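Student: For any residue, its number in my numbering is found by taking its place in the sequence shown, counting from 1, and adding 531.
Ideal Cβ positions, reconstructed from N, Cα and C, are used throughout, including at glycine.
This structure is a prediction, so every number in the text was calculated from the model and none was measured.
So that we are looking at the same thing, I have put the structure below in structure tokens.
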Amino acid sequence: KMSGNIPKKARLRKSQAVLEIPNIQLEDSGSYECKAENTRGGTAFRGHLQVYS
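Below, the structure written as structure tokens:
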């Protein structure tokens, strides 16, 4: 999470490149960034998650 911490309840499934946030709450809304690097370089993807109630 770009402004704050990733929720403690979140799980990262590295083999599938998935961030799973069970029982999502309004405070989980925000911008998230995924970075990947290896010996050939790196890349990043940013996305915004908006939770509505």
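Taking 7 Å as the cut-off, is the C-beta of P553 nearer than that to any heavy atom in the ligand HEM?
Tutor: The ligand content of the structure shown is nil, which means the ligand HEM is not present either.
Student: When the Cα of L543 is compared with those of H579, Q581 and C565, which residue comes out closest?
Tutor: Nearest C-alpha to L543: C565.
Student: For a quick check, are the C-beta atoms of K545 and N554 less than 8 Å apart?
Tutor: Not a contact, by the Cβ cut-off of 8 Å.
Student: For the beta strand (DSSP E) containing L543, name the first residue and the last one.
Tutor: Here the beta strand (DSSP E) through L543 covers R542 to R544.
Student: Taking just the CA atoms, how far does N569 sit from G561?
Tutor: The straight-line gap from Cα to Cα measures roughly 27 Å.
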